[in-house]
Each structure stands twice: as C-alpha cells, then as structure tokens.
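Note that the working numbering numbers the sequence shown so that position 47 is 307, with each residue one more than the last.
Everything on this sheet refers to the single structure shown next.
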Amino acid sequence: MQPNETLSDIDFGVFTLGNGKIVVRARALGKSKAYTGNNTLGQDLFIIDDPTDCSSLKTFRVQQQEHRVLLAFIPYQNTFDLIYRSRPTENLQKAPQRYNDQGEQVQLDSFLCNEHEVSPKFRIATIKPYDSSAGYIAINGTNYQLVLRQLDSRFETIIETPIDEFESLSTAHGNITYCQITSDAISDINKNEKQQRCHCHFLDAKLNKKATFMVAKNKHARQAVLSNLPNGGAVIAVAYEDKPNVKTGNNDPDVKQYYLQLIDTDRKSREPVMITEKSIWNHKMKLFDMGNGQICFYIGGETVHFKGPGTLKYGVWIHCVNVSDL
C-alpha cells in the first residue's frame, strides 16, 4: 500500500487456487477521494499468498476504469482468470484476463467475449475443479434473457439453452443444479394467496431438466443457496420467514429460520433440518463442501442496524454438519 492510499471496505474477496495458494482482492483508493461505489476510480489490488511460506507474498494491480466491475474469478492450479464487466469504449478489452500465481499476466489466444458483453448476472465455473480441460458452464444475459452455455476449453460454445432467473447455481462435481424462489398459489382452491417457495432443478449433459423438486416448508422462502455433492446429490440451504417481509417502518430486523435439506442421488429429498434462527438485517449465506463428508453453512448479517457513524455491527456464524446426518 502507498502512504496516500486506503482500502475500500467493499469489493473485497478471497479465493483459493488448486495449488493451495490464496488470492485476496481489494480496492485501493486515494485517501483524498470520496467513495461513491463501483464508479470510483482506483486500482484492484491482488495479493497472492502461500500459507506455507508467507515470505513468498506477491502483489499486482489492475487499473480501474469508470463503471468497470469484477464479476468472476476462475481458479486453476497455478493461474486464474479475471472477468470484468465494463461499458463500451474505444479500446475494447477482452474477457477473461489471466494471471499466474506470481502475479504475472499470461497471454491468451482465445477469449470469451468483450468486457461490455458481460451481463450483470454473469456466472462461470470450470466443469472440473481447477481444470479447464473439460470446459466450462457459463450463464450470460442477452436481450433480457439468461442463457446457459456449456463451453469448451477455448470458451467456444458447445451447447446452449435459455434459463429462468435463478437464486443459486452449482456446477461442482460435473453436475449442474440451480434453484429459484417463486411466488406460488398456496392451493388450487385459494389461488389469490401466495407463498414464496424454493424450486430446484437438476440438468443433464445436454442442459435439459432431468429432475425438479420443491423444497417443501409451510413458510415463505427468502433466500436459497446450494452445493452439489460428489455422489451426485446436493445440499440446499434455505432462509424462511413465517410471514412475507412487510415494511412496517419500525426498523425491526428480519427473523429468519435457516434450514438445510439433502437431495439424495436418486433425486429424492429428505426432510429439512432446522440449523438456527437469527434476527439480522441484510443477511448473506454460503455453503462450503469440506470434502470430508461435511458441509459448512455460513450466515452473516447486521446485528446492529446503521444509525450513524460507528453504530453498524456485523455478526458471522458458521455451522458444520455431517451430510449423513441430514
């Protein structure tokens, strides 16, 4: 860091490479500049660390442009791709940009697209962990429609299909699963009363739906995340509320119950298991497959709402469970 710089408290991320190295990304800003969101010019600072040898720390910077946002990070064994979204300019930049674990840029002879063609809902992941040889699964938006594509190792499209708006997507272990939250009628008799429900879809190699199930709970689903399992099943985490989120003006936190639910390899769902209940604002959830038969469930959010400088407080909870117990 330079003496006249500060780090933004957003636009922060931590990623791992296949060789075990950790990549930390933060936004470096001049202290004289007021932060105004993604439009603020600055530099993306990347720190590459080997946890077994902290003396090998490497850093590099990517100069930012107005309205340029990092949307995807693709890790490989000892390299990684950065995919930015930007507005059209005279000097069109290609996506992705590749770097090695020494912080050096690697020249590519094939690209996905121009940066201005990357939509805000862009997602991409390798089919094999840390390995591009089997290709990628990517989602991009065109003409108000999301498109799911299977790409080869050179980012060329093999097959594509339209896809619905989704809440969460997993491409881990060579499987494609995504979940939606939709507003459904509670019953055929009472079609006017709606309830938000979570629906999840398993896709086959041709990107067709081969199984669909509803995460059944007599509550309103507010958010869902999922993680594919090595055996072909999946674990779904859903945040529920007893009632829809209604603005009352009293600034009370949302009370949510957090459930995990296992989907077996035969696509049959087990009963959901309640993990915890929290009263927090602006919550976030993540699932981590620990690779040893365990799933860890991260919940974060505001425990004290913002009422002025220094009043905002966050809480983080991590619950790890054996998949066999779900």
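Ideal Cβ positions, reconstructed from N, Cα and C, are used throughout, including at glycine.
Quick one: grab the DSSP three-state call for residue i.
| i | result |
| --- | --- |
| Asp526 | coil |
| Asn459 | Per the sequence shown, the amino acid found at residue 459 is His instead of Asn. Three-state DSSP puts His459 in a strand. |
| Asp585 | helix |
| Glu501 | strand |
| Gly434 | helix |
| His376 | helix |
| Thr349 | coil |
| Lys573 | strand |
| Thr312 | coil |
| Glu562 | strand |
| Gln337 | coil |
| Pro422 | strand |
| Met534 | strand |
Determine the burial state of residue i: buried for a count of at least 16 other Cβ atoms within 10 Å of its Cβ, exposed for fewer.
| i | result |
| --- | --- |
| Val475 | buried |
| Arg321 | exposed |
| Ile397 | buried |
| Phe566 | exposed |
| Met545 | buried |
| Thr339 | buried |
| Val533 | exposed |
| Val495 | buried |
Assuming residue i and residue j form a contact by the criterion Cβ under 8 angstroms, report the distance between their Cβ atoms to the nearest whole angstrom.
| i | j | result |
| --- | --- | --- |
| Lys516 | Ala497 | Actually they do not touch by this definition, with Cβ atoms about 11 angstroms apart. |
| Val283 | Leu277 | 7 angstroms |
| Gly594 | Gly570 | Since the displayed the chain opens at 261 and closes at 586, residue 594 lies outside it and no answer follows. |
| Glu420 | Leu408 | 7 angstroms |
Among the options, whose alpha-carbon lies nearest the alpha-carbon of residue i?
| i | options | result |
| --- | --- | --- |
| Thr472 | Asp514, Asn491, Gly434 and Ile523 | Ile523 |
| Asp585 | Lys573, Lys567, Leu572 and Glu531 | Glu531 |
| His433 | Asn400, His480, Lys469 and Gly493 | Gly493 |
| Asn403 | Tyr438, Arg414 and Ile423 | Ile423 |
| Gln337 | Tyr359, Leu317, Thr319 and Ile578 | Tyr359 |
| His327 | Cys314, Gln303, Pro335 and Ile307 | Gln303 |
| Ile441 | Glu416, Lys466, Asn435 and Arg482 | Arg482 |
| Cys314 | Gly280, Lys538 and Asn468 | Gly280 |
| Tyr558 | Ser529, Ala484 and Pro490 | Ala484 |
| Lys538 | Asn552, Gln554, Val564 and Gln521 | Val564 |
| Gly553 | Ile578, Leu489 and Glu501 | Leu489 |
| Gln323 | Gln357, Gln456, Val274 and Thr417 | Gln357 |
| Ala355 | Asp526, Asp464 and Cys373 | Cys373 |
Just the Cα atoms here: how many angstroms apart are residue i and residue j?
| i | j | result |
| --- | --- | --- |
| Met550 | Thr349 | 42 angstroms |
| Tyr344 | Gln367 | 16 angstroms |
| Leu305 | Leu330 | 12 angstroms |
| Val583 | Pro380 | 33 angstroms |
| Glu375 | Asp341 | 13 angstroms |
| Asp514 | Thr536 | 14 angstroms |
| Thr312 | Glu427 | 37 angstroms |
| Arg287 | Gly401 | 26 angstroms |
| Ile540 | Ala332 | 28 angstroms |
| Tyr518 | Lys479 | 11 angstroms |
| Lys469 | Tyr438 | 10 angstroms |
| His459 | Ser487 | 14 angstroms |
| Lys388 | Gly568 | 46 angstroms |
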